[in-house]
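In this note's numbering, the protein residues as written are 1 to 345.
Each residue gets a CB set at the ideal place from its N, CA and C atoms; glycine is no exception.
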């Protein structure tokens with residue numbers, strides 16, 4: 001039997017900011033998640049509906065699982081000039097994607113934690129049938145806010161989560177996990193700030209309207225009614241977190257250099273340059289980046305929408321050739337952008 005304090009010390013040594021433990025059992029909030037799926041609010045993310053029994057209980061993921069160890073690390077990078085992020089002629093990228101892919105960065109450290117246990121374990125970073133956010137709250141790492149993000153009362157919500165399922169008893173030689181009751185109070189800034197109205201109910205998100213979903217998970221055409229509301233976001237969105245008082249007051253810079261952008265263009269590329277990306281140029285520039293998930297085709301689609309929202313007519317000469325692209329998705333969004341700029345006042 002290994003002591004929880006030993007695992008906590010090892011996790012902190014590996015660079016994780018928060019560590020917590022929860023006894024394995026039915027996943028908290030699993031029924032609400034199933035209802036959310038049934039209402040169609042997951043959009044085209046069909047993978048979320050796979051293996052519902054496993055999502056509902058980590059003991060079905062790892063037979064004999066006794067404990068769920070949750071860790072979190074800050075992905076906040078404070079080195080990018082605010083003026084660049086506010087520049088409508090640059091594309092916005094969610095903070096977690098400014099550096100290297102967190103899956104690749106966190107997984108080896110989680111495996112090192114598993115090795116420390118000396119028993120059967122499985123680790124996950126947003127990669128399996130484990131509801132990390134629910135278990136992070138259960139393990140005392142924070143509370144679920146109205147923006148549906150996990151919020152730590154003294155670290156905010158710019159956190160990346162990892163889970164280690166442990167098929168062994170732990171010596172819980174430390175106080176039980178703290179409980180963090182919902183701390184949003186009367187604050188509804190995130191609901192008011194969401195550009196597309198994705199936070200249409202308290203503590204619930206309609207992914208079909210979320211800019212992160214639209215720029216990453218949606219593979220086809222972005223609904224025209226939502227395009228003008230997307231601003232210059234080309235991969236993900238941070239709006240509902242950036243307006244949160246916990247984030248504005250408590251966020252600290254990530255200690256892992258891997259999460260810092262290699263160049264300014266990895267946080268906010270110039271739209272004029274991005275409109276000229278070829279598949280090879282994009283893949284070379286963003287090798288090892290989370291942006292690869294959306295692929296060149298999806299990113300260029302998003303860049304066209306951002307260009308249309310920029311008000312910068314100097315982008316027209318770079319958009320017009322894209323209206324004749326053999327990629328119908330790109331041609332469609334480029335044509336929309338040309339029309340949007342033509343009508344911009």
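Enclosing alpha helix (DSSP H) for residue i [first to last residue]
i, result
"residue 308", "295-310"
"residue 110", "102-117"
"residue 5", "4-13"
"residue 32", "30-38"
"residue 338", "328-342"
"residue 271", "271-274"
"residue 283", "279-285"
"residue 134", "132-138"
"residue 60", "That residue, residue 60, is in no alpha helix (DSSP H); it is neither H nor E in DSSP."
"residue 324", "Where residue 324 is concerned, there is no enclosing alpha helix (DSSP H), given that its DSSP letter is neither H nor E."
"residue 190", "189-193"
"residue 177", "Premise fails: residue 177 is in no alpha helix (DSSP H) and is neither H nor E."
"residue 85", "82-85"
Own chain, CB closer than 6 Å to residue i, minus 5 neighbours either side, in chain order
i, result
"residue 202", "146"
"residue 229", "195, 196"
"residue 64", "167"
"residue 28", "134, 138"
"residue 347", "Outside the displayed span of the chain (1 to 345) sits residue 347, for which this structure offers no information."
"residue 132", "161, 163"
"residue 59", "24, 65"
"residue 125", "103, 106, 107, 162"
"residue 174", "4, 5"
"residue 182", "143"
"residue 217", "45"
Range covered by the beta strand (DSSP E) that runs through residue i
i, result
"residue 124", "121-124"
"residue 162", "159-166"
DSSP bridge partner residues for residue i (one or two, in chain order)
i, result
"residue 45", "Bridge partners of residue 45: none, in fact."
"residue 23", "67"
"residue 171", "3"
"residue 18", "72"
"residue 93", "235"
"residue 201", "204"
"residue 151", "143"
"residue 288", "According to DSSP, which records beta bridges pairwise, residue 288 is partnered with nothing at all."
"residue 156", "152"
Close-in-space but distant-in-sequence residues of the same chain around residue i (CB under 7 Å, 5 per side omitted)
i, result
"residue 300", "277, 330"
"residue 316", "338, 341"
"residue 256", "15, 73, 105"
"residue 318", "272, 275, 276"
"residue 206", "41, 198, 200"
"residue 247", "156, 157, 158, 241"
"residue 78", "253"
"residue 250", "154, 155, 156"
"residue 327", "297"
"residue 177", "20, 21, 22, 139, 140"
8 Å Cβ shell around residue i - same chain, five flanking residues per side excluded
i, result
"residue 123", "107, 110, 111, 113, 114, 162, 163, 164, 165"
"residue 336", "224, 227, 304, 305, 308"
"residue 55", "27, 30, 33, 129, 130, 131"
Contact test: residue i Cβ vs the ligand PLP heavy atom, cutoff 7 Å
i, result
"residue 310", "Ligands displayed in this structure: none; no statement on the ligand PLP is therefore possible."
Can at least three beta-carbon pairs, one atom from the stretch 165-175 and one from the stretch 256-270, be found at a separation below 8 Å?
By the C-beta criterion, the stretch 165-175 is judged not to be in contact with the stretch 256-270, since fewer than 3 inter-stretch pairs fall below 8 Å.
**Message:** Which runs of the beta strand (DSSP E) at least 3 residues long sit entirely within the stretch 215-268? Give them in chain order.
**Reply:** Runs of the beta strand (DSSP E) lying entirely within the stretch 215-268 and spanning at least 3 residues, in chain order: 233-235.
(Q) Three Cβ pairs or more, each shorter than 8 Å: is that satisfied between the stretch 95-105 and the stretch 287-297? (A) With three or more CB-CB distances shorter than 8 Å, the stretch 95-105 counts as touching the stretch 287-297.
Query raised in the report: So, do the stretch 297-316 and the stretch 269-285 have three or more beta carbon pairs nearer to each other than 8 Å?
Result: These segments touch.
For this session: Decide yes or no for the touch test of the stretch 13-22 against the stretch 39-53: beta carbon pairs closer than 8 Å, at least 3 of them.
Result: Cβ pair count under 8 Å is below three, so no.
Contact between the stretch 157-164 and the stretch 66-83 is defined here as three or more beta-carbon pairs at a separation below 8 Å; is this criterion met?
Yes, since at least three Cβ pairs between the stretch 157-164 and the stretch 66-83 fall closer than 8 Å, the two stretches touch.
**OP:** Would you check if the stretch 197-216 and the stretch 230-240 touch, i.e. whether three or more CB-CB distances between them fall below 8 Å?
**Re:** These segments touch.
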